[in-house]
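Numbering (the numbering used here), first residue to last: 4 to 597. The beta carbon of each residue, even a glycine, is placed where N, CA and C say it ideally should be. Here the structure is a predicted model, which means the values were calculated and not measured. Reading through the structure tokens given below for one structure.
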């Protein structure tokens with residue numbers, strides 16, 4: 004019977020590996036709750052990465068009832084195809100229909116003298132091994148301790164399960180609120196990475212005010228404490244992030260220092276076979292920033308450290324671990340929230356499915372995100388865009404996800420389950436703003452590809468193919484191109500093809516083209532985002548007219564985010580139109596308010 008069970012697990016994992024691992028393809032951002040879709044003061048911003056270019060669709064959802072004030076993190080989970088399932092805000096669970104998950108009573112009902120998941124992040128969500136649309140949830144219960152610095156500590160690790168197949172597909176919590184472990188724990192959320200066998204998960208949580216780390220193993224047979232390890236410098240106060248690298252070979256976390264007004268970050272090697280940390284290294288700062296962010300590049304070659312007014316990159320390939328500043332805060336002041344302006348400095352970070360790293364300012368109520376466009380590139384080439392993305396509504400959260408697209412370490416002593424890294428091809432593309440025919444492709448393939456072959460579908464070009472990992476191609480003309488990427492390794496190969504519409508195409512209908520342009524927020528105070536997704540214009544422009552049709556504003560626009568500043572326009576109702584040469588590709592009404 005056990006052999007049959009293991010065979011079922013093997014085929015389930017291999018099938019999902021081939022079909023997709025898009026559990027992190029929907030992100031929610033928020034601050035206070037809202038149930039009025041016309042009120043964009045508060046509510047939820049949705050980022051949906053299920054697009055051809057992986058450029059996220061971003062929109063405001065005022066109907067969600069979930070409040071985002073309980074923690075600085077949010078767990079948003081989709082199914083393996085990328086369809087949004089539910090979210091957890093540190094206290095409550097809400098499904099895709101904006102309804103509380105059945106049987107998921109708020110945690111404070113069960114822990115009256117304690118607070119659930121209050122602090123940096125809310126929890127950890129991992130997919131079930133064999134049952135599709137069923138998930139494990141791990142979170143920390145915190146206890147208020149007035150004499151502590153800060154005022155509380157975690158002391159219980161809790162597990163629940165949510166099965167989205169139940170309750171007519173709207174989900175139900177089962178095996179609820181089970182105690183996994185009890186100790187005095189830090190504020191940061193549990194983080195996880197795949198075991199080297201490609202199936203199980205390692206989960207790490209640190210003991211408060213110490214250098215003790217508890218490592219748990221989740222397998223089809225349950226979750227249990229695997230070992231406790233004492234290593235490195237003690238964690239004094241852990242308000243910041245902790246994270247695994249995408250390849251699972253590194254673990255990093257943030258802490259205050261025993262020295263007043265100072266802080267440091269810790270970096271460890273991690274063994275995916277044994278679950279042990281090693282080779283502790285610290286980065287020390289003379290200034291204190293509790294709410295600091297950590298992220299690794301998608302290729303795991305660089306560590307990024309966000310320390311309030313500075314963003315650093317650490318090259319992990321040379322073992323020197325030198326801090327290199329890639330950007331300094333530019334003193335941009337964001338919108339006024341609840342009576343005060345906020346500094347758009349650097350806070351928590353997370354790798355997205357599009358290969359970018361999104362950075363949330365440390366101040367609650369921020370409406371802008373910082374974006375690292377090319378985090379796999381060294382130094383300034385990573386291209387940090389400060390306040391590069393405007394959100395429709397204020398936010399104080401950061402989506403928290405492990406790397407769901409990590410496979411086994413093929414050939415290792417732990418590679419014992421017949422699970423192989425069958426490569427999966429994926430890529431995104433960016434258009435050059437000076438030459439619209441020049442497109443930079445970024446490889447986002449996973450499961451250990453070793454060879455790449457690009458066919459740009461451009462036979463008139465002198466270089467219609469490439470074997471580079473992330474090439475740049477200048478197309479010979481405008482038109483509709485079928486771009487295909489094939490990736491290979493010793494286990495097999497996989498191909499993905501995407502149609503790139505570059506400039507106007509005479510055979511395309513006008514109605515279809517109108518849907519490619521979206522704007523937010525609307526109404527707008529000073530700046531709004533205009534997004535052109537899944538279309539690469541060759542010569543596009545935005546025209547804003549007043550109520551009698553008089554043109555009062557004009558700007559060139561490009562693929563992706565266009566941050567439009569209209570703060571000098573008087574209040575009123577305006578009309579916008581977007582043109583690609585003589586073809587209208589978008590239009591609508593715009594309301595300007597102070």
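Excluding residues up to 5 positions away in sequence, 248, 249, 250, 252, 253 and 319 lie with their Cβ nearer than 8 angstroms to the Cβ of residue 303 in the same chain.
Residue 55 sits away from residue 446, with the two beta carbons spaced by 8 angstroms or more. Comparing C-alpha distances from residue 67 to each of 50, 564 and 99 shows the shortest one belongs to 99.
In its chain, beyond the 5 residues on either side, 45, 71, 72, 367, 368, 396, 397, 398, 399 and 400 have a beta carbon closer than 8 angstroms to the beta carbon of residue 34.
Relative to residue 172, the option among 231, 229, 102 and 227 whose CA is nearest is 102. Excluding five sequence positions before and after residue 566, the CB atoms of its chain that fall closer than 7 angstroms to its own CB belong to 393, 530 and 532, given in chain order. In the structure shown, residue 276 falls within a coil segment according to DSSP collapsed to helix, strand and coil.
With respect to the 8 angstroms criterion, residue 245 and residue 418 are not classified as neighbours on the basis of their beta carbons. Cβ-Cβ distances below 7 angstroms link residue 496 to 426, 489 and 490 in the same chain, with the five nearest sequence neighbours on each side left out; the list follows chain order. Relative to residue 410, the option among 162, 204 and 134 whose CA is nearest is 204. The C-beta of residue 230 has fewer than 16 other C-beta atoms within 10 Å across all chains shown, which makes the residue exposed.
Excluding its 5 nearest sequence neighbours in each direction, residue 415 has C-beta neighbours in its own chain below 7 angstroms: 199 and 276, listed in chain order. In this structure, the alpha-carbon of residue 317 lies about 29 angstroms from that of residue 436. Beta-bridge partners of residue 499 (DSSP): 488. Here the segment 536-554 makes no contact with the segment 82-96; the two share fewer than three CB pairs at distances below 8 angstroms. Here residue 162 is not near residue 138, since their CB atoms are 8 angstroms or more apart. For residue 382, the secondary structure class from DSSP, reduced to helix, strand or coil, is helix.
The beta carbon of residue 60 is closer than 7 angstroms to those of 51, 54 and 536 in its chain, skipping five residues each way along the sequence. Between residue 206 and residue 268, the gap from beta carbon to beta carbon reaches 8 angstroms or more.
Assignment of beta-bridge partners to residue 446 by DSSP yields 430. In this structure, residue 312 keeps its C-beta atom at 8 angstroms or more from the C-beta atom of residue 306.
Pairing residue 336 with residue 346 gives a Cβ-Cβ distance under 8 angstroms. Under the DSSP definition of a beta bridge, residue 546 partners with 557 and 580.
Looking at the DSSP output, residue 362 bridges to 352 and 373. Residue nearest to residue 358 within the set 159, 430 and 390 is 430 (criterion: CA-CA distance). The distance from the Cβ of residue 280 to that of residue 273 is about 6 angstroms, consistent with a contact at the 8 angstroms cut-off. Ranked by how close their Cα comes to the Cα of residue 278, the residues 376, 323, 232 and 475 have 232 in first place. For residue 85, the three-state secondary structure derived from DSSP is coil. Beta-bridge analysis with DSSP links residue 328 to 315.
Spanning the alpha carbons of residue 553 and residue 561 requires a straight line of approximately 24 angstroms.
DSSP places residue 98 in the strand class (E or B) of the three-state scheme. With a cut-off of 8 angstroms on Cβ pairs, the segment 208-215 is not in contact with the segment 167-182, counting fewer than three such pairs. Here DSSP, grouped into helix, strand and coil, assigns residue 232 to strand. The three-state reading of DSSP puts residue 540 in coil, since its state is none of H, G, I, E or B. An exposed status is given to residue 466, since fewer than 16 other beta-carbon atoms sit within 10 Å of its beta-carbon. Under the DSSP definition of a beta bridge, residue 68 lacks any partner.
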